[in-house]
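Residue numbers (the numbering used here): 692 to 1303.
Worksheet: one structure, shown below.
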Amino acid sequence: MKAYLLAALALAMPAAALAQAPTVQSVLAANHAASGDRPAAGSAQIVYTHVASGLTGPLVDRFDLASGAWVETQEASGVANASGFDGKTPWQRDVSGTNTPQEGGDRVTNAVNQAYRFANLWWRPGYGGASIAYAGRDTEAGKQLDHLVVTPKGGQRFDAWFDADTHLLVRIAETRLFFHYQETYADYRPEHGAMLAHKITSDIGIGEGGVEVSTLKDAHFGPAVALATYACPTAPPTGGYIVGGAASTTVPFRLLNNHVYVQATVNGKGPYTFILDSGGHTLLSPRIVSEVGLKPVGEAVQSGAGEGHSTIGFVRFDEIAIGGARLKGMMGFASPIYDKSIEGIPVDGMVGFELIRRLVTQIDYGRHTVTFTDPARFRPQGLGTPVHFVFYDHLPDVRGFIGALPATFNIDTGSRSEIDVTSPFVAAHHLRRQFAKGTTAVTGWGVGGPTKDYVVRLPSLKLGPVEVDDIAAGLSDAKGGSISNPNYGGNIGTALLKRFVVTFDYAHEVMYLKRITPTPPDIGTFDRSGLWLNAKSGGYEVEDVAAGSAGAAAGIAVGDVITVFDGAPARDEQLPEVRKALRARPAGTRITLTVKHDGKLRDAVLTLRDQI
């Protein structure tokens, strides 16, 4: 009946109305005609005044008009970065001046999308190889917009809206990392015969701090240049070395809360406590910024595994020294790292990608040492199994398996967990159904706040060719933050990596894994109390209690403060050892506590039990 009704309605429509119904072809033909006389080949250089992260400076787009290969550079107040795509490999230059290929996650598909739009390949025969569908006419701010859904060959879906009256592109939307990115185009005016948007606003969907505005300043069209012009520069990064011309330097570290902590000086002052985080950047705390006399500029957005975000400034330092290793004369970020309440100790700074990208870095979790080696003098013999990776932003991206399921993993020494499985991967493979025994608990606390997962016992996973078994795995249902990213399967942290001597050779995109014998005592364990504790309010404050856990059975509630643990007064610096005890002591262990509840003290007994 519905089919007949639709046919009848179609027959009843005037022929002129049917002829005028928009199609992909008509929308794009009208856009091409409205866009002016732009060359189909050659090169373009578009210069904008760019406002972002509290800074204003030039942004320059250079691209090939035939293929869309591109390079984008930005600079403001000494903060500079770049990215590009030669048609094969995307790359980025971070604020430390390091050029790094980007072949993990959605980096390739995003770069292809950008090239597709730069070259307007949808005007070409067959839409430049893309799949395009007309999604209807939308109304926004009183304007009629024709909505196309575009998937370039080798790219990923993006949505595009064209003004139904002017036929000019007004907005695109696509997923980048775990952000819902939008770019709007306004104030079209002719430049050398081509209609160009003189105002472009980009928004990653997290509020005002994530909005950037570009205002066109100059446009130029010229002859084509070699595609190699858009390729990643091959010169090795500068600014990292070992003093005295030594091949390597070794320093001790403390393993606290499954985090690697080393001592460092900044511009000769310190020592300061730094976390070594393969998934992080160079961060300097307000204490260091003040004591060293550094001058932050701007304000950028920082996101992490939690669902929140924070703002950070850019800061130039002369030197960070860790043993004989040096980082010299580059840009980092001024930011709080971990509050003392979270780690139990003050955390003054973080070193990660910028250092490891310049010096081969070996973390020996058995001996509790870190060795930095000059890449030119590095020899990989005897370091264990090589595991190849590609970069996804600043993180190593490793192929492997979760059980029998193919997956990719970020390698992140800054995570205290064994693995946090991303919420899209969990949903796509219905993992919650496969594990009847588990617990919902807070598993970490970082930039975005607490991370809460459904934790289960995972039989096995593989990192490249290396198999790991008996794993405490967090199955995430995060709606935001990095663990909601659909472009990888899981984040591998120190609780898993500490089974190995881990060597990172970022220059060659290889990680080496050598098993430690005997195995460290708390491998594969998960908290047996059901409590997440932070050090504050004169003891260990209870931030979360897992349902059905030992903590719940002992009558402990969120907001309670543990003032005495196992006969010893609560001290901030002992928090890491308390957390270790709660996961490493066997089920059935009885721990005596003194608990403050609503200002009153009481004694309690916590009898540890397995949650997974």
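Built from N, CA and C at the ideal position, the CB exists for glycine as well.
This structure is a prediction, so every number in the text was calculated from the model and none was measured.
Among R1068, V1192, T764, which residue has its Cα nearest to the Cα of A937? Among R1068, V1192, T764, the Cα nearest to that of A937 is on R1068.
Should Q711 go down as buried or exposed, given a rule of 16 or more other Cβ atoms within 10 Å for buried? If you draw a 10 Å sphere on the C-beta of Q711, you find fewer than 16 other C-beta atoms in it, and that means exposed.
Quick check on this structure: which residue in Q1072, A1132, T892 has the alpha carbon closest to the alpha carbon of A1238? Considering only alpha carbons, the answer is A1132.
Rounded to the nearest angstrom, what separates T1216 and L1204 at their Cα positions? Rounded to whole angstroms, T1216 to L1204 spans 20 angstroms at the Cα level.
Uninterrupted beta strand (DSSP E) stretches inside the stretch 1046-1090 (no shorter than 3 residues): Counting whole runs of 3 or more residues, the stretch 1046-1090 contains the beta strand (DSSP E) stretches 1051-1055, 1060-1064, 1076-1083.
Using a Cβ-Cβ cutoff of less than 6 angstroms, which residues in the same chain neighbour I823 once the five nearest sequence positions on both sides are dropped? Within the same chain, Cβ atoms closer than 6 angstroms to the Cβ of I823 are found at V715, L839, V841, the five residues on either side in sequence being excluded.
Counted within 10 angstroms of its Cβ, other Cβ atoms place V1296 as buried (16 or more) or exposed: So V1296 ends up on the exposed side.
Between the alpha carbons of S994 and T791, how many angstroms are there, rounded? Note that S994 scores 47 on pLDDT, short of 50, meaning its location in the model is unreliable; the coordinates nonetheless yield the value given after this. The straight-line gap separating the alpha-carbon atoms of S994 and T791 is approximately 21 angstroms.
Per-residue burial, A1314 [other beta carbons within 10 Å of its own, 16 or more giving buried]: Outside the modelled stretch of the chain, which goes from 692 to 1303, sits residue 1314, for which no answer is possible.
Does the beta-carbon of K1305 have 16 or more other beta-carbons within 10 angstroms, so that it is buried, or is it exposed? This structure leaves residue 1305 out entirely; the chain is present only between 692 and 1303.
So, for L974: in the same chain, excluding its five sequence neighbours on each side, which residues have a beta-carbon less than 7 angstroms away from its beta-carbon? Cβ within range, chain order: G1023, F1024, S1026, I1028, G1040, M1041.
Excluding sequence positions up to five away, which residues of its chain have a Cβ less than 8 angstroms from the Cβ of E865? So the list reads N801, N804, Q847, R848, F849, D850, Y872, once near-sequence residues are dropped.
Are there 16 or more other CB atoms within 10 angstroms of the CB of T1283, so buried, or fewer, so exposed? When all chains shown are included, T1283 counts as exposed.
Who does G748 pair with in a DSSP beta bridge? Answer is H741.
Please go through the same chain and pick out, in chain order, the residues whose beta-carbon is closer than 6 angstroms to the beta-carbon of D1161, but skip the five residues on each side of it. Counting only Cβ-Cβ distances below 6 angstroms, and skipping sequence neighbours, we find G1215.
For my contact list, R862 and D797 are in at a C-beta cut-off of 8 angstroms; report their separation, rounded to the angstrom. About 20 angstroms; that fails the 8 angstroms criterion.
Does the beta carbon of A885 come closer than 8 angstroms to any beta carbon on chain C? This model lacks chain C altogether, as it is built from one protein chain only.
Alpha carbon to alpha carbon, how far is D1196 from G1246? So the alpha carbons of these two residues sit roughly 49 angstroms apart.
Kindly identify the DSSP beta-bridge partner or partners of L812. DSSP lists no partner for L812.
Note down, in chain order, each residue of its chain lying with its Cβ closer than 7 angstroms to the Cβ of A1241, except the 5 sequence neighbours on either side. These residues qualify, in order along the chain: R1219, S1220, G1221, L1297, T1298, L1299, R1300.
Backbone secondary structure at E1034 - three-state DSSP: In this structure, E1034 counts as helix in the three-state DSSP scheme.
Between Q1053 and F754, what straight-line distance do the alpha-carbon atoms span, to the nearest angstrom? So the alpha carbons of these two residues sit roughly 40 angstroms apart.
Can you tell me whether DSSP reads N801 as helix, strand or coil? Helix, per DSSP.
Given a cut-off of 8 angstroms, decide if G900 and E1264 are closer than it, judged by their beta-carbon atoms. No.
Pop quiz: S1151 and V1159 are said to be a contact at Cβ under 8 angstroms. What is the actual Cβ separation, rounded to whole angstroms? About 7 angstroms separates the two Cβ atoms, so the contact holds.
I'd like to confirm something about L1187: is its beta-carbon nearer than 7 angstroms to some heavy atom of the ligand NAP, or not? Looking at this structure, you won't find the ligand NAP or any other ligand, since it has none at all.
CA-to-CA distance, T929 to K1143, given in whole angstroms: Counting only the Cα atoms, T929 lies some 39 angstroms from K1143.
Y876 (DSSP reduced to helix, strand or coil): Strand at Y876.
Leaving out five residues before and five after E1232 in sequence, what residues of the same chain have Cβ atoms less than 6 angstroms from its Cβ? Once the five neighbours on either side are set aside, the close Cβ partners of E1232 are N1225, V1252.
Strictly by DSSP, which residues pair up with V841? Note: V841 sits in a beta bridge opposite I823, F849.
Taking 8 angstroms as the cut-off, does the stretch 1068-1078 touch the stretch 945-965 (at least 3 CB pairs, one atom from each stretch)? At 8 angstroms Cβ cutoff, the stretches do not touch.
Would you report the Cα separation of T964 and V1038, rounded to the nearest angstrom? In a straight line, the C-alpha of T964 is about 6 angstroms away from that of V1038.
Integer Cβ distance of G1181 from V1112, believed to fall under 8 angstroms: The C-beta distance from G1181 to V1112 rounds to 5 angstroms, short enough to fall under 8 angstroms.
Buried or exposed: T1134, going by 16 or more other Cβ atoms within 10 Å of its Cβ? Buried is the call here.
Would you call the stretch 774-788 and the stretch 907-927 in contact, with 3 or more CB pairs under 8 angstroms? Here the stretch 774-788 makes contact with the stretch 907-927; the two share three or more CB pairs at distances below 8 angstroms.
Identity of the residues DSSP links to D785 by a beta bridge: DSSP lists no beta-bridge partner residue for D785.
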